[in-house]
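>
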Amino acid sequence: RQIRKNSEFKSLKKYLHQQEIRGALSRQEAVSMIPPLFLGVEPHHRVLDLCAAPGSKTTQLLEAMNVNCPEPGLMPDTRGVIVANDLDFKRANLLTHQVQRIKVKNCLVMNMDAQYWPWLYNEENDEEVLQYDRILCDVPCTGDGTLRKNPVIWKTWKVTDGLAMHFRQAAILGRGLEQLAVGGRLVYSTCSMNPMENESVVASALMKYGAAVEIMEPPEHLSALKSIPGMTEWLGPKEGGGCF
Numbered sequence: 013r014q015i016r017k018n019s020e021f022k023s024l025k026k027y028l029h030q031q032e033i034r035g036a037l038s039r040q041e042a043v044s045m046i047p048p049l050f051l052g053v054e055p056h057h058r059v060l061d062l063c064a065a066p067g068s069k070t071t072q073l074l075e076a077m078n079v080n081c082p083e084p085g086l087m088p089d090t091r092g093v094i095v096a097n098d099l100d101f102k103r104a105n106l107l108t109h110q111v112q113r114i115k116v117k118n119c120l121v122m123n124m125d126a127q128y129w130p131w132l133y134n135e136e137n138d139e140e141v142l143q144y145d146r147i148l149c150d151v152p153c154t155g156d157g158t159l160r161k162n163p164v165i166w167k168t169w170k171v172t173d174g175l176a177m178h179f180r181q182a183a184i185l186g187r188g189l190e191q192l193a194v195g196g197r198l199v200y201s202t203c204s205m206n207p208m209e210n211e212s213v214v215a216s217a218l219m220k221y222g223a224a225v226e227i228m229e230p231p232e233h234l235s236a237l238k239s240i241p242g243m244t245e246w247l248g249p250k251e252g253g254g255c256f
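Note that the sequence shown ends on residue 256 in our numbering; no numbers are left out.
As structure tokens, then:
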């Protein structure tokens, strides 16, 4: 903000803008970088980013996939691909622009509802379902965890907001798990602190899919991150008032 407002930084602002256009620089909040790090993407992985716009996490995943390639997206042993999707058409266009900045060819951008992500099949064997090694479900949410930078949320926040989002979030997570290859990894994330949007959604998936899925410990190289265990009990708001 200081760079944008202060005329003394005009030349620096111009330089940063040029670097951003050519894909050498991406601006991203530190907390936004955590979910892609948990995925542990490798060059040969098939990756699905179900709710990708505006695209900062997608570009981070692409950089991780192509980090050791002298010519990004074209190296023979880089068999991986990232499929980035968003429901909103305008946001999907923004996502396309973000991906194009970093000049890679192993990314597809889609525009559809993640709750109804289709089954895709191998063109050489129409009985083989294409599944993904890594899936990111950074789902739509109330965003009440961003109060620090969006204080206007205080004026509109309601106890029932999380409940309204819960069913859509659970549907997206469930669809993601159904698309995940055996032994694959899915990361579910929100910008909310509400257990109805976090622990409750994950708990519903564990109940639905049983022994087919399990919660993993954070990767060892991220063990220094400060964290607390998830909640095991919480109150759920009722539409007509009260809790259950």
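The beta-carbon is built from N, C-alpha and C at its ideal position, and this holds for glycine as well.
1) Pop quiz: S38 and T70 are said to be a contact at Cβ under 8 Å. What is the actual Cβ separation, rounded to whole angstroms?
2) With a Cβ-Cβ cutoff of 9 Å, do P230 and F50 count as a contact?
3) Under a three-way DSSP split, which group does V43 fall into?
4) For T244, tell me which candidate among L218, V225 and S212 has the shortest Cα-Cα distance.
5) Residues bridged to V93 by DSSP?
6) For M87, name the three-state secondary structure that DSSP assigns.
7) Does DSSP put R113 in a helix, in a strand, or in coil?
8) Relative to the alpha-carbon of A176, which residue among Y133, K250 and G67 has its alpha-carbon at the smallest distance?
9) Grab me the residues of H178's own chain with a C-beta within less than 7 Å of its C-beta, minus the 5 sequence neighbours each way, in chain order.
10) Would you call the stretch 102-120 in contact with the stretch 166-176, where contact means no fewer than 3 C-beta pairs closer than 8 Å?
11) Thinking just about the alpha-carbon of each residue, which of P241, Y128 and S201 is nearest to the one in E190?
Result, derived from the coordinates:
1) Looking up residue 38 in the sequence shown gives position 26. Looking up residue 70 in the sequence shown gives position 58. About 10 Å separates the two Cβ atoms, so there is no contact after all.
2) Counted from its first residue, the sequence shown places residue 230 at position 218. Counted from its first residue, the sequence shown places residue 50 at position 38. Yes.
3) The count along the sequence shown starts at 1 and reaches residue 43 at position 31. Note: V43 maps to helix in three-state DSSP.
4) If you number the sequence shown from 1, residue 244 lands on position 232. In terms of Cα proximity to T244, the closest of L218, V225 and S212 is S212.
5) Reading the sequence shown from its first residue, position 81 is the one you call residue 93. DSSP, once it has assigned bridges, lists R58 as partnering V93.
6) Numbered from its first residue, the sequence shown carries residue 87 at position 75. Residue placement at M87 is flagged as unreliable, the pLDDT there being 49, under the threshold of 50; the coordinate-derived value follows with that caveat. Residue state, collapsed to three classes: coil.
7) Taking the sequence shown and counting its residues from 1, the one referred to as residue 113 is at position 101. Reduced to three states, the DSSP call for R113 is helix.
8) Position 164 of the sequence shown holds residue 176. The candidate whose alpha carbon is nearest that of A176 is K250.
9) As a first step, residue 178 is located in the sequence shown; it is residue number 166 there, counting from the start. Correct list, in chain order: M208, E209, S212 and V213.
10) no
11) Working through the sequence shown from its first residue, we reach residue 190 at position 178. The shortest C-alpha separation from E190 is found at Y128.
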